[in-house]
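For reference, the structure discussed in these notes is given below.
Residue numbers (the numbering used here): 5 to 289.
Structure, rendered in structure tokens:
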């Protein structure tokens, strides 16, 4: 593992987004509905955010099949609708380890793990398996854009999966929309030799994320010292928060992660660019 990759002394890998970059990617949002996207989350006590984000995606993006995936303990809470998928629950009312959940996630072009999850060991195992592509689906050429489904993780999904997250970090189809505190948990869980600290200035954080994404294939979107930071394949792009429509609170409400999901879906193999473009993208503009 290249944990201590050489840092360019001129920080040439760092780009500042002072005006919107990669706006040409907006034109790749298709006019005709395309793709299958799962919004995955919820438990017996809380499922508001998965519903809200699925509605946001349905209103604003041409997705052919947009599914809410819930544990089946919630089935009685909803009318029978074709875009609701229920998989078996644990006794505590969250996702259980089942083949059904793995099949659902592997049958999509993209999965947005939006959170509102119960923190228990069985749900941790269930979602860890659900984010690993099955060999038979990949070999059958099931996906039109990605060899494997795109997996975007945000909110408490990252806290839950942190202990088992290393295999996900090695997949280029993984994007984490995570706070700095959550990234600290991830770094500790994988015993990464360079820790990030909330008290650090921006440049040391950028240097560490540069090295981290040279070692791991996942893309990161985080926030530090009033800057949104996108890190992918050793490249860094920062955006001042004041230049966006977000606040330190609304960053984590789910809409940004939703836009990251669809712009990556419609712009495959341009993860750094699509994730950065999502920051300024306003549907309908």
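Note that CB positions come from ideal geometry on N, CA and C, so glycine has one too.
Helix, strand or coil: which one does DSSP assign to residue i?
i           : result
residue 15  : coil
residue 143 : Confidence in residue 143 is poor, its pLDDT being 39 and thus under 50, which makes the residue's placement unreliable; the coordinate value appears in the next sentence. If DSSP states are grouped into helix, strand and coil, residue 143 belongs with the helices.
residue 90  : strand
residue 1   : Residue 1 is absent from the structure shown; the chain starts at 5 and stops at 289.
residue 189 : helix
residue 158 : strand
residue 75  : strand
residue 226 : strand
residue 244 : strand
residue 149 : Residue confidence is low: residue 149 scores 42 on pLDDT, short of 50, so the model does not pin down where it sits. Its coordinate-derived value is still stated next. DSSP places residue 149 in coil when its eight states are reduced to three.
residue 233 : strand
residue 169 : coil
residue 134 : helix
residue 47  : strand
residue 26  : coil
residue 216 : helix
residue 270 : helix
residue 252 : coil
residue 101 : coil
Tell me which residues share the same chain as residue i and place their Cβ nearer than 7 angstroms to its Cβ, disregarding the 5 neighbours each side in the sequence.
i           : result
residue 137 : 110, 152 and 153
residue 145 : Any reading at residue 145 must be qualified, since the residue scores a pLDDT of 40, below 50, and its modelled position is unreliable; the value itself is stated next. Closer than 7 angstroms at the Cβ level, and outside the excluded window around residue 145, lies no residue.
residue 112 : 40, 41, 42 and 153
residue 60  : 259 and 262
residue 171 : 136
residue 104 : 91 and 92
residue 174 : 220 and 221
residue 255 : 227
Who are the near neighbours of residue i in its chain, counting only those whose CB is closer than 6 angstroms to its CB and skipping five residues on each side?
i           : result
residue 242 : 20, 231 and 233
residue 271 : 29, 32 and 278
residue 276 : 236 and 239
residue 198 : 212
residue 65  : 266
What do you get for residue i, buried or exposed, if any count of 16 or more other CB atoms within 10 angstroms of its CB means buried?
i           : result
residue 214 : buried
residue 265 : buried
residue 82  : exposed
residue 212 : buried
residue 147 : Summary for residue 147: the model assigns pLDDT 37, below 50, so the residue's position carries little reliability, and this model does not support an answer.
residue 99  : buried
residue 155 : buried
residue 186 : buried
residue 74  : buried
residue 195 : exposed
residue 63  : exposed
residue 269 : buried
Output needed for residue i: all residues of its chain with C-beta closer than 8 angstroms, excluding positions within five of it in sequence on either side, in chain order.
i           : result
residue 252 : 227 and 245
residue 248 : 232, 283 and 284
residue 133 : 101, 105 and 106
Can you pull the DSSP bridge partners for residue i?
i           : result
residue 40  : 69
residue 115 : 42 and 155
residue 179 : 156 and 223
(request) Taking 8 angstroms as the threshold, find out whether the region 120-129 comes into contact with the region 47-62 through three or more Cβ pairs. (result) yes
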